[in-house]
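Protein chains in written order, with our numbering: chain R, 1 to 175; chain F, 176 to 515; chain W, 516 to 968.
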Amino acid sequence: MRKIIIATIILCSMFLTGCGSADVYDKLYLKTLYITENSDCSARMEFFGDNSQDITAHGSSFEKVRENARISGGKDVFMGHCEVIVLDSVKDPAKLLTKLLNEWRIPPSCYVVCGKDLTTSQYSINVLTIKSAVEQGKAPECDMVTVLGELLGDKKSASVAEFTADGGFRLVTVS
Amino acid sequence: MSKNKISFGQFAALLLISDAFAIICMRGRIGTPMALGILTAAAIQSVAAIPAVALCRKNFKISSSGTLWLKSILLAFSVMWGGALLINVWNTAKAIYIPSVFDNRIGDKLLISLLIAAVCLYVTSCGLKAIARAAVIAAGFGVICLIVVVVGAIGRIEPHYLEFTGSDSGYLDGIIGGFALGGSFGAYLMLLEKSADSVIKTTVFYFAGRIFFVALISFITISVVGAIMSITQFPFITAAELSQPLSSQRLDSIFAVVFVIFAILSISLQGIAISYLLKAIFPKFDKFRSLTSVAAMLCAAVILNVLAVGTKFYGMATALTAIAPAILLVARRRKNVCVK
Amino acid sequence: MNEFTTGGVRCALLCCEGMLSTSTITELVLHPITRINLALPNAELLLDHIENNLLLSVDRPIVKNYGELFRTINSGFAVLVVNGGNHALAFGVQGYAVRGISEPSGEANIMGAHEGFVEVIRTNMSLIRQRLKSPMLVQELSVIGSRSQTDVCLCYLRDRVPRELLSHIKQSLSRVRLETVLSTGYLRPFVESRRFEIFSSTGTTERPDVLCSKLLEGRVAVLIDGVPFAIVIPKLFCESFQTLDDYAFKPYYAVFIRWIKYAAFLISILLPSLYVAVSLYNPELLNSTLLMILAQAEKEAPITLMFEAVGALLMYEIIREAGLRLPKAVGGAVSIVGGLIIGDAAVKSGLVSTPMLTMVALAVTAGFVVPEISQSVTMLRLLFLVAGGTLGLFGISLVGCIVLVNICSTEDYGFPFTAPISPFKVGGMRDTASREGFRSMQDGGFTVEEYHE
Numbered sequence: 001m002r003k004i005i006i007a008t009i010i011l012c013s014m015f016l017t018g019c020g021s022a023d024v025y026d027k028l029y030l031k032t033l034y035i036t037e038n039s040d041c042s043a044r045m046e047f048f049g050d051n052s053q054d055i056t057a058h059g060s061s062f063e064k065v066r067e068n069a070r071i072s073g074g075k076d077v078f079m080g081h082c083e084v085i086v087l088d089s090v091k092d093p094a095k096l097l098t099k100l101l102n103e104w105r106i107p108p109s110c111y112v113v114c115g116k117d118l119t120t121s122q123y124s125i126n127v128l129t130i131k132s133a134v135e136q137g138k139a140p141e142c143d144m145v146t147v148l149g150e151l152l153g154d155k156k157s158a159s160v161a162e163f164t165a166d167g168g169f170r171l172v173t174v175s
Numbered sequence: 176m177s178k179n180k181i182s183f184g185q186f187a188a189l190l191l192i193s194d195a196f197a198i199i200c201m202r203g204r205i206g207t208p209m210a211l212g213i214l215t216a217a218a219i220q221s222v223a224a225i226p227a228v229a230l231c232r233k234n235f236k237i238s239s240s241g242t243l244w245l246k247s248i249l250l251a252f253s254v255m256w257g258g259a260l261l262i263n264v265w266n267t268a269k270a271i272y273i274p275s276v277f278d279n280r281i282g283d284k285l286l287i288s289l290l291i292a293a294v295c296l297y298v299t300s301c302g303l304k305a306i307a308r309a310a311v312i313a314a315g316f317g318v319i320c321l322i323v324v325v326v327g328a329i330g331r332i333e334p335h336y337l338e339f340t341g342s343d344s345g346y347l348d349g350i351i352g353g354f355a356l357g358g359s360f361g362a363y364l365m366l367l368e369k370s371a372d373s374v375i376k377t378t379v380f381y382f383a384g385r386i387f388f389v390a391l392i393s394f395i396t397i398s399v400v401g402a403i404m405s406i407t408q409f410p411f412i413t414a415a416e417l418s419q420p421l422s423s424q425r426l427d428s429i430f431a432v433v434f435v436i437f438a439i440l441s442i443s444l445q446g447i448a449i450s451y452l453l454k455a456i457f458p459k460f461d462k463f464r465s466l467t468s469v470a471a472m473l474c475a476a477v478i479l480n481v482l483a484v485g486t487k488f489y490g491m492a493t494a495l496t497a498i499a500p501a502i503l504l505v506a507r508r509r510k511n512v513c514v515k
Numbered sequence: 516m517n518e519f520t521t522g523g524v525r526c527a528l529l530c531c532e533g534m535l536s537t538s539t540i541t542e543l544v545l546h547p548i549t550r551i552n553l554a555l556p557n558a559e560l561l562l563d564h565i566e567n568n569l570l571l572s573v574d575r576p577i578v579k580n581y582g583e584l585f586r587t588i589n590s591g592f593a594v595l596v597v598n599g600g601n602h603a604l605a606f607g608v609q610g611y612a613v614r615g616i617s618e619p620s621g622e623a624n625i626m627g628a629h630e631g632f633v634e635v636i637r638t639n640m641s642l643i644r645q646r647l648k649s650p651m652l653v654q655e656l657s658v659i660g661s662r663s664q665t666d667v668c669l670c671y672l673r674d675r676v677p678r679e680l681l682s683h684i685k686q687s688l689s690r691v692r693l694e695t696v697l698s699t700g701y702l703r704p705f706v707e708s709r710r711f712e713i714f715s716s717t718g719t720t721e722r723p724d725v726l727c728s729k730l731l732e733g734r735v736a737v738l739i740d741g742v743p744f745a746i747v748i749p750k751l752f753c754e755s756f757q758t759l760d761d762y763a764f765k766p767y768y769a770v771f772i773r774w775i776k777y778a779a780f781l782i783s784i785l786l787p788s789l790y791v792a793v794s795l796y797n798p799e800l801l802n803s804t805l806l807m808i809l810a811q812a813e814k815e816a817p818i819t820l821m822f823e824a825v826g827a828l829l830m831y832e833i834i835r836e837a838g839l840r841l842p843k844a845v846g847g848a849v850s851i852v853g854g855l856i857i858g859d860a861a862v863k864s865g866l867v868s869t870p871m872l873t874m875v876a877l878a879v880t881a882g883f884v885v886p887e888i889s890q891s892v893t894m895l896r897l898l899f900l901v902a903g904g905t906l907g908l909f910g911i912s913l914v915g916c917i918v919l920v921n922i923c924s925t926e927d928y929g930f931p932f933t934a935p936i937s938p939f940k941v942g943g944m945r946d947t948a949s950r951e952g953f954r955s956m957q958d959g960g961f962t963v964e965e966y967h968e
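Here it is in structure tokens:
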């Protein structure tokens, strides 16, 4: 009986080979995400590897934005390695970050900063810049969990760094 | 050690794995009052175990001396709890990286259930000793994971989240929740007669281990996840995700592998308890007991999932099962008094 | 057959040409036996005189029937048959060509003896006797195989072996109904449990020193004539990671090497599957630098990651098997073909990616560290790979659970295979998790009966 069960499992698994998985190179690995939420949503996505693959996508919601990015890029967008999220005029940062953490599987160690007109520019934020700023005390702790915790806490606001297209940054409060 | 007896360490490892799995799969927010409630429930269950210990010391064995109603209650409870554990696996599938192999064309739950049922069938058919030995090794890996989580959590602990706030409620909810997480009590009652060592030592070791584990994991979860507790679906799993000791490399893979092994051993434990009870109730039922027990748990999982049974149901069921030994002890004492 | 008359009685000396030593038989048997004078020529008197008054050889079994006659002749004995006698006498004057005692090929060793068992059972018995001069050492000879009549020797220390274990093994061996016994593989299924076991619960060894150490722990050994390996019963899983060198090195180094072996075992069975599972289903578990290296490398490979891995492993098995079966003169060609042509060319042409080949090479090399369980490791590696490739870490966990429970259910004669890890014995850890010095181990008096359940 046992042999039949085990043989059945192994045989079935042969038919499942590769189903539902994309190979390693069949994905675009998100590095930095610039999000703007006005009347509709838009996002600029920078990926690891080739810079020419960077995509800007628009949509009525963030699900649509991701879908459109997938169509533009021709590959699924994988968000598990995202290093920086740049909030560029977002109505409800807490709701957005919750969605990103729980549904889009953005890593908890991802940095959250603000940006001014960065979604439409070509300026690229380097995660090492943010790390140095935090280590030197010029910017507050701004990983996803910390920022989200402050937004969900009593104060309903969080202090983060804001970057501009000319390379400058300052501290702002998001709520 | 005589045939089919297990040592106190194996006994404790088996039950603690089942408890750990149930606790890790817990949903919803947890605060200090709730954690205290869960600990209280564990303490109450340890007190409820005293009549069972007393009965066992008088050589009372559920499988041979137990009445039909007791065996039937335990059987129904074990089937229900096995189903509940399967539902836990379904619920945590996304959180612990079980991939969607058919792109949602064929139900993931169906596939996961079939695979886990097949493995549990094999594990159950290997017998109590095999699963007890495997539990010790799995528990060892579990301890390593716990140490990794504790080390990773050291830098992230924020004790102010442990403070009571005015908006916190949940001590009573915690007690009910604690009972709902204590479903391995049925297996404890069933397996106590299989203990090769002193039942007192076995019981004390198990419940002490359980209380320590619940306290430690609650402390870490509340103090690490406290900031984002309101948006967390599985607080204990989130605590493990946030407690990474290495910044450059995540260690979730260890947790995922150990978690699934815990799930299988927990469900198989119920399968073994069901097999023993089936034999006790139907002595001629020899073959296909393992298959029957796994099938029963699958059916129970489907029914409980459809009925969307909540924590209160499981809590009440466990609480009722916990008082069964006390009722039995009183009944036996009355019977002895009448005979005298 | 040599017919002659001695003591007035007609006799015949039967032997198998090429199996005995001509000089030995001439000096020790023929000369004295042809010079017998009896007052009353009589078969019984002649046999009695030779048996009790002449010491013609050390080994002198009595032959009572044709079955024993053929067995002794085919074992290199010279058999004296006397006209009118009701039995025959056999003389141990074997002189057939045998392989000399040499270093065992499969159990290399740096600090220990360089002697291994040979094909002659009596030589093997003597190798054990030389090392264990205890009067408690028992070597019981019996015969198994209806056609081959193979000599089998059961070795144990009378004061150490558990009685039940010995009687169960004897019972198991008595149930063997084979026609021939040509290797340990013929007998092992009979002394193991009928359940399917991934890892064998009986061990083999080619080294007499290792066997003696097992006998001292109360185990039973089975020697088979014609086979330079001994079967050891029972065997524990942790013994696969122990070598005699561990007891020659300093304890701290022995502990270090032992843990390397444990890690190598896990790497060997899990590395390819983890690599495939994490790359396909959980790339967030890899750090970004490593992930980009893998993605870039896999970009040029035409087949999926899992088939690449399976193909690489199967190719290795083919090359390994070819290298084993090829004549030694041509063996070097296999290394060139396998290493340079297949490996290098496959990577340069893009058929296989470099990271994949690295993972497979690491896993395979790690498997060499524990050669005793290499068969099981090979199959488990493939099984885990299929599971990881189809279901990711979940699949690896499922298979891991099955393997874990199978190992834990492996038990022969009441000795759990996973002892002393589970059931956990603190005392057993001194030679499992670590290797304590002999000063602390000398008072142990450990026997395997401590693990009996």
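Note that beta-carbon positions come from the ideal geometry of N, C-alpha and C, so glycine has one too.
- DSSP places PRO931 (chain W) within a strand segment (E or B) once states are collapsed to three.
- For a Cβ distance threshold of 7 Å, residue set GLU416, LEU417 of chain F lies close to PRO108 (chain R), ordered along the chain.
- Around the Cβ of MET894 (chain W), a 10 Å sphere holds fewer than 16 other Cβ atoms; the residue is exposed.
- Using a 10 angstroms sphere on the CB of ALA133 (chain R), the tally of other CB atoms reaches 16 or more, which defines it as buried.
- Contact with chain R is absent for ILE392 (chain F), since none of that chain's Cβ atoms lies less than 8 Å from the residue's Cβ.
- Taking 4 residues as the shortest admissible run, the segment 72-109 of chain R contains the following complete alpha helix (DSSP H) segments, listed from N- to C-terminal end: 93-102.
- Per the DSSP secondary-structure output, CYS530 (chain W) pairs with nothing in a beta bridge.
- Contact annotation for CYS530 (chain W) against chain F: no contact, minimum CB-CB distance about 54 Å [criterion: below 7 Å].
- At a Cβ-Cβ threshold of 8 Å, SER572 (chain W) and VAL608 (chain W) count as neighbours.
- Within the same chain, Cβ atoms closer than 7 Å to the Cβ of SER698 (chain W) are found at VAL742, the five residues on either side in sequence being excluded.
- Runs of alpha helix (DSSP H) with 4 or more residues, each lying fully within the segment 834-890 of chain W, are found at 843-850, 860-864, 869-882, listed in chain order.
- Rounded to the nearest whole angstrom, the CA to CA distance from GLU368 (chain F) to PHE705 (chain W) is 34 Å.
- DSSP places THR521 (chain W) within a strand segment (E or B) once states are collapsed to three.
- With respect to chain F, the C-beta atom of LEU152 (chain R) has a partner C-beta closer than 8 Å.
- Within chain F, not a single residue places a beta-carbon under 9 Å from that of ASN639 (chain W); the smallest gap is close to 35 Å.
- Assignment of beta-bridge partners to CYS41 (chain R) by DSSP yields R:GLU37, R:GLY59.
- LEU595 (chain W): member of the beta strand (DSSP E) spanning 592-597, first to last residue.
- At a cut-off of 8 Å, the C-beta of SER405 (chain F) has a neighbouring C-beta in chain R.
- DSSP places ILE748 (chain W) in the strand class (E or B) of the three-state scheme.
- Under the DSSP assignment, LYS814 (chain W) falls in the alpha helix (DSSP H) whose first and last residues are 803-814.
- Against chain F, the beta carbon of VAL145 (chain R) has neighbours under 7 Å at ALA402, ILE403, LEU417, listed in chain order.
- Taking 8 Å as the CB threshold, ASP23 (chain R) lines the interface with chain W.
- Taking C-beta atoms under 8 Å as the contact rule, SER39 (chain R) and THR119 (chain R) fail to qualify, at a distance of about 14 Å.
- DSSP places ALA158 (chain R) in the uninterrupted beta strand (DSSP E) bounded by 158-164.
- Shown here for MET144 (chain R): same chain residues with a beta carbon closer than 8 Å to its own, the five before and five after excluded, namely ILE85, LEU97, LEU100, LEU101, ILE106, PRO107, PRO108, SER109, CYS110, TYR111, VAL112 in chain order.
- For chain F, the residues of the segment 75-99 of chain R that bring a beta carbon within less than 8 Å of one of its beta carbons are THR98, in chain order.
- In the pairwise beta carbon analysis, the segment 801-821 of chain W is classified as not touching the segment 839-856 of chain W: fewer than three pairs are separated by under 8 Å.
- Remark: C-beta atoms of VAL696 (chain W) and SER661 (chain W) do not approach each other more closely than 8 Å.
- Among the residues of chain W, those whose CB is under 8 Å from the CB of TYR29 (chain R) are PRO798, SER803, LEU806, MET807, ALA810, following chain order.
- Here the alpha carbon of TYR701 (chain W) sits roughly 25 Å from the alpha carbon of ARG678 (chain W).
- Between ALA210 (chain F) and ILE397 (chain F), the C-beta gap is smaller than 8 Å, which places the two residues in contact.
- For the segment 558-629 of chain W, the full-length beta strand (DSSP E) segments reaching 3 residues or more read 592-597, 603-607 along the chain.
- With its beta carbon less than 8 Å from one in chain R, SER794 (chain W) belongs to the interface.
- Excluding residues up to 5 positions away in sequence, MET874 lie with their Cβ nearer than 6 Å to the Cβ of TYR790 (chain W) in the same chain.
- LEU466 (chain F) sits away from LEU261 (chain F), with the two beta carbons spaced by 8 Å or more.
- Put simply, the CB of LEU571 (chain W) is far from chain F, with every gap to its CB atoms at 8 Å or more.
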